[in-house]
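Below you'll find the structure, written out as structure tokens, and then a few comments.
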Amino acid sequence: METARVYRMKTAEHLCPFGMKTVDLLKRKGYQVDDHPLTSRDEIEEFKAQENVDTTPQTYIGDKRIGGYEEVREHLGMSVPSAKETSYRPVIAIFVTALLIGLAISWVANGTLVAARMPEYAVATAMVLLGLQKLQDVESFSSMFLNYDLLAQRYVPYSYVYPYAETLAGVLMLAGAMLWLAAPLALFIGTVGAVSVFKAVYVDKRELKCACVGGSSNVPLGFVSLTENIAMVLMGLWMPLKMLL
1 METARVYRMK TAEHLCPFGM KTVDLLKRKG YQVDDHPLTS RDEIEEFKAQ
51 ENVDTTPQTY IGDKRIGGYE EVREHLGMSV PSAKETSYRP VIAIFVTALL
101 IGLAISWVAN GTLVAARMPE YAVATAMVLL GLQKLQDVES FSSMFLNYDL
151 LAQRYVPYSY VYPYAETLAG VLMLAGAMLW LAAPLALFIG TVGAVSVFKA
201 VYVDKRELKC ACVGGSSNVP LGFVSLTENI AMVLMGLWMP LKMLL
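Numbering-wise, the sequence shown is residues 1 to 245 according to UniProt numbering.
So, in structure tokens, the structure goes:
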């Protein structure tokens, strides 16, 4: 069994998460880990000066210095996530969670997973969850939103109102209350959003990040992002229509 030496920060003030990840990863890959916690600032600085490195953790396999956590992943042939790498994972995770919550509400309210209102519960929940992501930092959301939303580009305050409008519409639809307000609101913001995304992605061919899960996300603007707006449009049409049926 090959031995790996890991030098990582472990002080009363800070327990390095990347050090713990490195030790765990090496053990799972079959290495015998010789763990060297650096327990004081003096010990950390002495180690960095001695090894001529700027950061910890540092991993050594045999006489070769591998480096930090990301370098260890590379050495083991594993992918290294990039801070600039885009992914649909955040919005897909919200959609799946909303679907599961919709099924749970349907079970509690109707005694069955598959009920007429289950899709309504799921979409309304998704609206609330997506709105909540935006509400965490409305300022950064508005900055990203302005890159592609046509109405916000003409009337900047709309970029600040949008997170509240989406969340409110979702909560009201989930409760089945004040649909005279919720339905037109969802229909309006959903239609404007769908047209804006379609123009930016399919007409102008721009490569942008979507503000659908907040202004600090790396979700690419595209079809999955468009789904949020299409769902709101459908809910805005369906909720008042079902009252007439």
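The C-beta atom is built at its ideal place from N, Cα and C for all residues, glycine as well.
Report the CB separation of F18 from P57 in whole angstroms; it is logged as a contact under 8 Å.
6 Å
Is it the case that the segment 74 to 94 contacts the segment 210 to 226, given that we only count it when at least three CB pairs across the two stretches are under 8 Å?
yes
If I measure Cβ to Cβ from Y158 and keep anything under 6 Å in the same chain, skipping five residues before and after, which residues do I get?
L151 and A152
The alpha helix (DSSP H) enclosing K64, as first and last residue numbers
It is not in any alpha helix (DSSP H) - K64 instead sits in the beta strand (DSSP E) that spans K64 to G67.
Threshold first: 3 residues or longer. Then list the beta strand (DSSP E) segments lying entirely within the segment 170 to 208, N to C.
none
Roughly how many angstroms lie between the CA atoms of A194 and A183, to the nearest whole one?
When the Cα atoms are used, A194 and A183 turn out to be separated by approximately 16 Å.
So, are the CB atoms of L221 and Y164 less than 9 Å apart?
no
Whole-angstrom distance between V201 and L146, CA atom to CA atom:
14 Å
Roughly how many angstroms lie between the CA atoms of A98 and T11, to the nearest whole one?
The alpha-carbon atoms of A98 and T11 are separated by roughly 40 Å.
Provide the residue(s) that pair with L168 in DSSP beta bridges, ordered along the chain.
DSSP output for L168 lists no bridge partner at all.
Assumed close pair A124, G170 - CB separation to whole angstroms, cut-off 8 Å:
5 Å
Are at least three pairs of beta-carbons, each pair with one atom in the segment 33 to 48 and one in the segment 65 to 85, less than 8 Å apart?
no
How far does the alpha helix (DSSP H) with Y121 in it extend, from its first residue to its last?
Note, Y121: alpha helix (DSSP H), M118 to L135.
Mind checking who R8 pairs with in its DSSP beta bridge?
P37, per the DSSP bridge assignment.
Out of A49, T3 and L181, point me to the one whose CA is closest to G30's CA.
Answer by Cα proximity: T3.
As a quick exercise: from E70, E228, P119 and M243, pick the residue whose alpha carbon is nearest that of M178.
M243
Looking at the unbroken alpha helix (DSSP H) that takes in residue 257, where does it start and where does it end?
Since the first and last residues shown for the chain are 1 and 245, residue 257 lies out of range.
Quick one: is G131 buried, meaning 16 or more other Cβ sit within 10 Å of its Cβ, or exposed?
buried
Quick one: measure Cβ to Cβ for A186 and M235, integer angstroms, because I've assumed they're closer than 8 Å.
5 Å
Helix, strand or coil: how does DSSP classify L15 here?
strand
Among P119, N52 and I230, which has the Cα closest to the Cα of L100?
P119
Need the endpoints of the alpha helix (DSSP H) that T55 sits in, please.
First-last for T55: undefined, no H or E at that position.
Which residue marks the beginning of the alpha helix (DSSP H) containing T112, and which one marks its end?
According to the DSSP assignment, T112 belongs to no alpha helix (DSSP H), since it is labelled neither H nor E.
May I ask you to list the residues that DSSP assigns as paired with T3?
Answer is Q32.
Cross-strand partners of Y60 (DSSP beta bridge)
Partner(s): R5 and R65.
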